[in-house]
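Q: Numbering (our numbering), first residue to last: 592 to 834.
Ideal Cβ placement from N, Cα and C applies to all residues, glycine included.
1) By the DSSP assignment, the beta strand (DSSP E) with residue 667 in it spans what residues?
2) Any contact between the segment 764–774 and the segment 649–668? By contact I mean 3 or more CB pairs, one from each, below 8 Å.
3) Hey, residue 667 and residue 744 are a contact pair by Cβ (cut 8 Å); roughly how many whole angstroms apart?
4) Looking only at DSSP bridge pairs, what is residue 793 linked to?
5) Pick helix, strand or coil for residue 703, following the three-state DSSP scheme.
6) Which whole-angstrom value describes the C-beta separation of residue 712 and residue 753, a residue pair presumed to lie in contact below a C-beta threshold of 8 Å?
7) Compute the beta-carbon to beta-carbon distance between residue 840 and residue 613, rounded to the nearest angstrom, for a pair I have assumed lies under 8 Å.
8) From the DSSP output, which residues share a beta bridge with residue 756?
9) Excluding the 5 residues preceding and the 5 following residue 631 in the sequence, name in chain order all residues of the same chain whose CB lies nearer than 7 Å to its CB.
10) Could you compute how far the alpha carbon of residue 598 sits from the alpha carbon of residue 646?
11) With DSSP run on the structure shown, which of helix, strand or coil describes residue 598?
12) Quick check on this structure: which residue in 809, 776 and 775 has the alpha carbon closest to the alpha carbon of residue 789?
13) Note down the Cα distance separating residue 638 from residue 716, rounded to an integer number of angstroms.
14) Please report the straight-line C-alpha distance between residue 627 and residue 608, rounded to a whole angstrom.
15) At the level of alpha carbons, what is the spacing between residue 696 and residue 703?
16) List the DSSP bridge partners of residue 645.
17) Can you tell me where the beta strand (DSSP E) with residue 615 in it begins and where it stops?
18) For the pair the segment 756–766 and the segment 675–695, tell me if three or more CB-CB distances fall below 8 Å.
19) Within 10 Å of its beta-carbon, does residue 698 have 16 or more other beta-carbons around it, so buried, or fewer, so exposed?
20) Which residue from 619, 732 and 690 puts its Cα closest to that of residue 594?
21) Would you tell me roughly how many angstroms separate the C-alpha atoms of residue 640 and residue 812, rounded to the nearest one?
22) Using beta-carbon positions only, say whether residue 616 and residue 793 come within less than 9 Å of one another.
23) State the Cα-Cα distance for the pair residue 785 and residue 750, rounded to the nearest angstrom.
24) Drop a sphere of 10 angstroms on the beta-carbon of residue 605, count the other beta-carbons inside from all chains shown, and report buried for 16 or more, exposed for fewer.
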């Protein structure tokens with residue numbers, strides 16, 4: 592999927608959350624980093640079709656997003672930092688709901704569900720209600736549902752602060768790489784610079800709603816690791832300059 596943002600602006604009352612964002616995204620893992628209030632979650636909400644820009648355009652393979660465009664909506668999955676779920680549904684029922692919303696069953700689905708739940712270490716609690724799970728287990732269950740439906744554009748807000756254990760985090764990384772190998776795009780936000788640097792194909796840095804940097808893996812690798820001119824130094828300077 593090719594995603595293009597042209598001069599995207601998003602206002603909330605007197606707050607300018609996004610200020611003229613221009614981006615073109617193709618297959619790959621894209622990390623969006625920024626300090627609190629930089630506009631990360633707003634950008635991700637716009638990418639997922641949950642927020643409409645105040646001005647500017649976002650297109651997916653040349654098509655603008657519309658809630659009536661069910662075919663396009665089924666190509667996109669959005670994972671907030673704390674995913675919503677019916678608390679009385681079991682993990683398996685939660686996954687089944689996602690499958691129905693994304694077009695129904697397909698050959699090999701049961702085996703895929705088993706494989707995903709085992710990889711996350713939650714197969715043994717698959718019949719437990721979502722409301723009885725720990726935060727990390729809840730996130731894993733929501734993650735499993737999204738992995739099973741195989742979105743082309745996978746948008747996640749702060750997955751590395753989700754409460755998942757190392758097993759869950761490694762499984763997420765493996766599946767993100769699977770999505771990319773299939774031509775998909777994975778976009779996630781984080782404030783953990785090491786996670787962004789070590790995982791992404793592309794790093795997008797937001798400052799006060801503006802696009803401060805848009806770096807490929809090669810450009811990121813060419814930057815100094817430490818000291819003047821390094822991304823870490825610029826990150827720290829931005830933090831010190833923040834009110």
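A: So, to answer that:
1) Where residue 667 is concerned, the enclosing beta strand (DSSP E) stretches over 667–670.
2) With a cut-off of 8 Å, the segment 649–668 and the segment 764–774 do not count as touching, because too few Cβ pairs lie within range.
3) The pair is a contact, with the Cβ atoms about 5 Å apart (cut-off 8 Å).
4) DSSP links residue 793 through a beta bridge to 621 and 807.
5) Of the three classes helix, strand and coil, the one that applies to residue 703 here is helix, per DSSP.
6) About 14 Å separates the two Cβ atoms, so there is no contact after all.
7) Lying outside 592 to 834, the shown extent of the chain, residue 840 is not represented and no answer is given.
8) Paired residue(s): none; residue 756 is not in a bridge.
9) 623, 625, 780 and 797.
10) For residue 598 and residue 646, the distance between alpha carbons rounds to 7 Å.
11) Correct three-state label for residue 598: strand.
12) Residue 809 is the option with its Cα nearest to residue 789.
13) Answer to the nearest angstrom: the Cα atoms are 33 Å apart.
14) Taking C-alpha positions only, residue 627 is separated from residue 608 by approximately 11 Å.
15) If I take the Cα positions, the gap works out to 11 Å.
16) According to DSSP, which records beta bridges pairwise, residue 645 is partnered with nothing at all.
17) Here the beta strand (DSSP E) through residue 615 covers 606–616.
18) Touching, no, given that fewer than three Cβ pairs across the two stretches are closer than 8 Å.
19) Counting of Cβ neighbours within 10 angstroms places residue 698 among the exposed residues, the total staying below 16.
20) Ranking the options by Cα distance to residue 594, first place goes to 619.
21) Distance between the alpha carbons of residue 640 and residue 812: 32 Å.
22) In this structure, residue 793 lies closer than 9 Å to residue 616 by Cβ.
23) Here the alpha carbon of residue 785 sits roughly 14 Å from the alpha carbon of residue 750.
24) So residue 605 ends up on the exposed side.
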